[in-house]
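Accompanying notes for the structure given below.
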């Protein structure tokens, strides 16, 4: 007999928790208004039947919804949907539902405004505070972007890294965390990421160059203005394309 080498058995891929799937669906329904503010979710036994899960799973899901600020339990009334002012708007599941909902463009507009406010100041700080090593990293990144102008699919990933370098240069970790958290969910939607053409990428690269030149010149005001112009202009172009495509 031939001796076989027995390696470590492959690890079984973990299935997502059932409660996670229930939470995602209920969040989508609440955000979409299927369960309006002030109304009660279906009782526990009905949710068990709807999702074909145990009471334990439903209770875990309900607890998660409470932690996200979406619902509150009231004696005699059940699990009640709260007004959206109480929702944790930075929660990834809620953000995903908002961006994909009917009012998705409005929330993407909000994201663009947040980015303009935070990233323009971060660009100014990068111009003031960036180290020589960070400037060298940014210079390498702008050249990498230049090489990818005719390959939009590859350009997009490096575009994000360009902004990431600038945010790290600014030293503003809180603003970076806010942008990273919100934008990571927005990027999952076609309306936000869009489909870039070579023409659009060329315009984007020109805008990146203006931001880069200002930072390298250690000119905070020019960096602030260039970043504001870049983010606003880029989103306006993607938004217009998205609306046009939706209208057929």
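Residue numbers (the numbering used here): 189 to 436. Cβ coordinates follow ideal geometry from the N, Cα and C atoms, glycine included. Note that the coordinates shown come from a computational prediction; the quantities given were computed from them, not determined experimentally.
Where do the N-terminal and C-terminal ends of the alpha helix (DSSP H) with residue i fall, by residue?
| i | result |
| --- | --- |
| residue 392 | 386-404 |
| residue 225 | Where residue 225 is concerned, there is no enclosing alpha helix (DSSP H), given that its DSSP letter is neither H nor E. |
| residue 353 | 340-358 |
| residue 301 | 292-317 |
| residue 368 | 361-374 |
| residue 244 | 243-255 |
Residue i and residue j: beta carbons closer than 9 Å?
| i | j | result |
| --- | --- | --- |
| residue 331 | residue 412 | no |
| residue 278 | residue 366 | yes |
| residue 382 | residue 420 | no |
| residue 259 | residue 218 | yes |
| residue 215 | residue 271 | no |
| residue 370 | residue 299 | yes |
| residue 409 | residue 312 | yes |
| residue 422 | residue 392 | yes |
How is the beta strand (DSSP E) around residue i delimited, first residue to last?
| i | result |
| --- | --- |
| residue 208 | Here residue 208 belongs to no beta strand (DSSP E); instead the alpha helix (DSSP H) covers 206-220. |
| residue 329 | Here residue 329 belongs to no beta strand (DSSP E); instead the alpha helix (DSSP H) covers 320-335. |
Could you check which residue in the options has the C-alpha nearest to that of residue i?
| i | options | result |
| --- | --- | --- |
| residue 380 | 425, 350, 414 and 263 | 425 |
| residue 307 | 263, 422, 363 and 409 | 363 |
| residue 418 | 291, 402, 431 and 406 | 402 |
| residue 248 | 280, 370, 265 and 210 | 210 |
| residue 318 | 285, 400 and 228 | 400 |
| residue 257 | 276, 227 and 266 | 276 |
| residue 405 | 233, 213 and 316 | 316 |
| residue 207 | 220, 233, 241 and 228 | 241 |
| residue 338 | 255, 398 and 389 | 389 |
Counting pairs of Cβ atoms below 8 Å between the segment 322-336 and the segment 346-363, do you hit three or more?
The answer is yes - the segment 346-363 touches the segment 322-336, with three or more Cβ pairs under 8 Å.
Length-filtered (4 minimum) alpha helix (DSSP H) runs lying within the segment 259-290:
Runs of the alpha helix (DSSP H) inside the segment 259-290: 280-288.
Flag this pair as touching only if the segment 331-347 and the segment 279-289 have three or more C-beta atom pairs under 8 Å; answer yes or no.
Cβ pair count under 8 Å is below three, so no.
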